[in-house]
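Colleague: Quick one: structure below, then a few questions.
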Amino acid sequence: MATTKTLSQRALHDWLPVAVVLLAVVLAWYGAAWALNAPGAIERVLDEEAGYTQMELFEATMTMERPLMPAPHQVAMDFYESLTEWPVDSPRNLIYHVIVTGQSTLLGFAMGTALGLLLSVLIVHSRTLDKALLPWIVASQTVPVLAIAPIVLVVLGSLGFSGTAPKAFIAMYLCFFPVTVAMVQGLRSPQKIETEMMHTYAASRWQSLWLLRLPAALPFLFPALRVGVAAGLVGAMVAELPTGAQAGLGARLLTGSYYGQTVQIWSALVMSALLGLALTGIVAAVERLVLRSRGGV
């Protein structure tokens, strides 16, 4: 009985703040939808000369076909209909677009993680590469992804790369930076006495890397991976915009903006947020398993 009470108290402690914030966001969303849609509702739905009540105005703003800002229930309904009324392989189903964007994101995330790990190892073990590479790595992130995405897509397209590869490359561009910076800090985190002990054992550089530096860097790596996978999702969606792609969450946003389907745009935004939460949650679960297997907290 005490255990059940403790679990319920823990769940209340963990989820009550989330529920309060979510409720506040929904109420603010309804208020913003009412304020922004009211002029259009008065002009297109209501008869201003005959007069109307505030309740009639509220109902009109909440049921507009193409509102300036859709209400939460309109987005939820479009979200539900997209998932239930169309097959998964239909472009009208959000899961179809999630699969397309998710493939680019995961491939770019894997490439960016591998590149970040390689660069961090090179920087830590070579003072020359530290001075030569790190400033350029930092400078690379000052270039807006919206500016570099069309250039990368054109260059890779001329080389015969199309489909998932160019979008994955853009995702990699955003993923590798947090991994590189965090791993450089993590690989340098062992204290001097620990590195001297490895020298005492006549350990080579690679043995010190594998046995000392990499384990010490794990607490730095996984937070960077969570940031990297979220950034990779943004990169994959941005890469879908200049190509005029027919599939993917970015393409769904672009199509909705072309035809003024604001409800479709917002449902795609909600789905992209859920996909980002799912990906970061998977990374967090892997982090807990790895650290627990190594005796971490």
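Numbered by the numbering used here, the letters in the sequence shown go through residues 688 to 984 in order. The beta-carbon is built from N, C-alpha and C at its ideal position, and this holds for glycine as well.
For Thr967 and Thr949, I'd like the C-alpha separation in whole angstroms.
Modeller: Computed Cα separation, rounded: 27 Å.
Colleague: Determine the direct distance from the alpha carbon of Ala852 to that of Met924, and round the result to whole angstroms.
Modeller: One C-alpha to the other measures close to 13 Å.
Colleague: Using the rule of at least 16 other Cβ atoms within 10 Å of the residue's Cβ for burial, across every protein chain shown, is Val977 buried or exposed?
Modeller: With fewer than 16 Cβ atoms within 10 Å of its Cβ, Val977 is classed as exposed.
Colleague: Which value, in whole angstroms, describes the spacing of the CA atoms of Leu840 and Ile880?
Modeller: Each residue's alpha carbon lies about 48 Å from the other.
Colleague: Taking buried to mean at least 16 other C-beta atoms within 10 Å of its own C-beta, is Leu846 buried or exposed?
Modeller: Flag for Leu846 reads exposed.
Colleague: Using three-state DSSP, classify Leu674 as helix, strand or coil.
Modeller: Here the chain covers residues 688 to 984 and nothing more, so residue 674 does not appear.
Colleague: Decide if Gly947 is buried, meaning its Cβ has at least 16 other Cβ atoms within 10 Å, or exposed.
Modeller: The residue in question, Gly947, is exposed, as its Cβ has fewer than 16 Cβ neighbours within 10 Å.
Colleague: How is the alpha helix (DSSP H) around Ser845 delimited, first residue to last?
Modeller: From DSSP, the alpha helix (DSSP H) with Ser845 extends over 832-845.
Colleague: How is the alpha helix (DSSP H) around Phe907 delimited, first residue to last?
Modeller: Unbroken alpha helix (DSSP H) run through Phe907: 901-926.
Colleague: Give me the Cα-Cα distance between Leu699 and Arg975, rounded to the nearest whole angstrom.
Modeller: Spanning the two alpha carbons is a distance of roughly 22 Å.
Colleague: So Ser769 packs on Asn780, CB below 8 Å; how close in whole Å?
Modeller: Right, their Cβ atoms sit about 6 Å apart.
Colleague: Of all the CB atoms in chain C, is at least one closer than 9 Å to the CB of Gly943?
Modeller: Among the chains of the structure shown, chain C does not appear; only one protein chain is present.
Colleague: How about Phe796 and Ala858: do their beta carbons lie closer than 9 Å?
Modeller: Yes.
Colleague: Just tell me which of Ala801, Gln878, Phe907 has its CA closest to the CA of Ser895.
Modeller: Closest option to Ser895, Cα to Cα, is Gln878.
Colleague: Please check the pair Trp953 and Pro757, which I expect to be a contact at CB under 8 Å, by giving their CB distance rounded to whole angstroms.
Modeller: Indeed, because the Cβ distance is near 5 Å, the residues count as touching under 8 Å.
Colleague: Mapping the DSSP letters down to three states, classify Leu962 as helix, strand or coil.
Modeller: The answer is helix: DSSP assigns Leu962 an H, G or I state.
Colleague: Within this structure, are the beta carbons of Leu962 and Leu941 separated by less than 9 Å?
Modeller: No, Cβ-Cβ distance for Leu962 and Leu941 is not below 9 Å.
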